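Before any comments, here is the structure.
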Amino acid sequence: MTVHIGAAPGQIAETVLMPGDPYRAKWAAETFLENAELVNEVRGMLGFTGTWKGNRVTIQGSGMGMPSLSIYANELITTYGAQTLIRIGSCGGMQPYVGIRDVIIAMTSTTITSPSSGFFKEINYAPCADYGLLAAAVNAAQAKGTRTHVGGIYSSDVFYAERADLDEQMVRHGILAVEMEAAELYTLAARHGRRALAVLTVSDHLQTGEALPSEDREKTFGVMVEIALEAAFA
Ligand code: HPA
4 MTVHIGAAPG QIAETVLMPG DPYRAKWAAE TFLENAELVN EVRGMLGFTG
54 TWKGNRVTIQ GSGMGMPSLS IYANELITTY GAQTLIRIGS CGGMQPYVGI
104 RDVIIAMTST TITSPSSGFF KEINYAPCAD YGLLAAAVNA AQAKGTRTHV
154 GGIYSSDVFY AERADLDEQM VRHGILAVEM EAAELYTLAA RHGRRALAVL
204 TVSDHLQTGE ALPSEDREKT FGVMVEIALE AAFA
């Protein structure tokens with residue numbers, strides 16, 4: 004047990020999928036895993052462990068934002084020995100050619116600040132995905148015929164952003180989408196020698212104002228979960 008995860012040692016798999024939303028963790032575990040068992044409910048941040056095609060997998064909610072994800076990822080890595088951590092979640096499209104429902108596979112993530120900024124001091128560290136996971140996820144997405152974009156994203160501290168000029172620079176520099184967790188996950192994985200990736204679904208678009216209708220969400224998010232599972236065990 005850790006401060007924020009109530010699972011017993013051994014109840015967490017080496018491969019962990021991390022949606023922001025604990026109820027999406029429940030849905031994904033019930034939909035994709037066999038023999039899914041609830042392993043955490045501290046603060047309602049649900050986590051489940053089961054098997055996918057015979058492989059043990061944990062799906063643990065991370066909460067929203069890098070400080071919350073940092074708590075869960077740190078505990079999963081240092082106490083439970085998680086080796087592969089894949090964020091699954093939604094993002095806001097930033098380029099005109101990025102459409103609602105498209106899948107984004109994040110090579111790298113830009114931030115202004117993250118929980119690690121304090122100790123990086125003057126270093127502008129470039130958080131980077133594990134290449135093996137990234138390549139496997141791209142293969143899985145292509146095999147499904149899913150519209151997919153691979154490149155840089157932006158991990159923001161705010162959903163309700165007040166700095167249009169920042170978004171403008173991100174768009175100008177080719178950033179595909181904005182979300183709030185990946186950069187810190189990549190940084191923690193690098194620090195501890197683990198593998199990390201973020202596979203995201205575009206749920207809204209910053210320029211067009213379009214948003215995924217709620218009835219479409221489950222089906223669209225399911226594709227992303229499958230891509231993450233296939234990448235983890237490729
Ligand atoms: N901003 C930040 N995070 C997000 C967004 C957004 O527009 N959409 C989904 N996650």
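Residues 4 to 237 (my numbering) are what the sequence shown spells out, left to right.
Ideal Cβ placement from N, Cα and C applies to all residues, glycine included.
Keep in mind the model is a prediction, meaning the values are calculated, not measured.
DSSP, reduced to helix, strand and coil, places His208 within a strand of the structure shown. With fewer than 16 neighbouring CB atoms inside 10 Å of its own CB, Gly148 falls in the exposed class.
If you check the CB distance, Ser206 and Cys94 come in under 8 angstroms. In the displayed model, Thr151 falls within a strand according to three-state DSSP. The alpha-carbon separation between Ala164 and Val202 amounts to approximately 23 angstroms. CA-CA distance, Asn142 to Thr81, rounds to 30 angstroms. Under the DSSP assignment, Ala39 falls in the beta strand (DSSP E) whose first and last residues are 37 to 43. Between the ligand HPA and the CB of Phe51, the shortest heavy atom gap is not smaller than 7 angstroms.
A Cβ-Cβ contact shorter than 8 angstroms links Glu40 with Gly53. The beta strand (DSSP E) runs lying completely inside the segment 154 to 191 and spanning 3 residues or more are 180 to 182, given in chain order. DSSP places Asn58 in the strand class (E or B) of the three-state scheme. Annotated three-state conformation of Gln145 is helix, per DSSP. Per DSSP, the continuous beta strand (DSSP E) segment holding Val19 begins and ends at 18 to 22.
Within the same chain, Cβ atoms closer than 8 angstroms to the Cβ of Ala231 are found at Leu20, Ile89, Ile91, Ala140, Leu200, Val202, the five residues on either side in sequence being excluded. Across the set Gly50, Gly57, Val226, Ala185, the C-alpha of Ala185 shows the shortest separation from the C-alpha of Pro130. It is roughly 33 angstroms from the alpha-carbon of Gln14 to the alpha-carbon of Tyr157. In this structure, the ligand HPA has no non-hydrogen atom nearer than 7 angstroms to the beta-carbon of Asp105.
The three-state secondary structure of Ala129, taken from DSSP, is coil. When Gln210, Ser119, His176 are compared, the shortest CA-CA separation from Pro70 is found for Ser119.
Distance between Lys124 and Thr34, taken at the CA atoms: about 43 angstroms.
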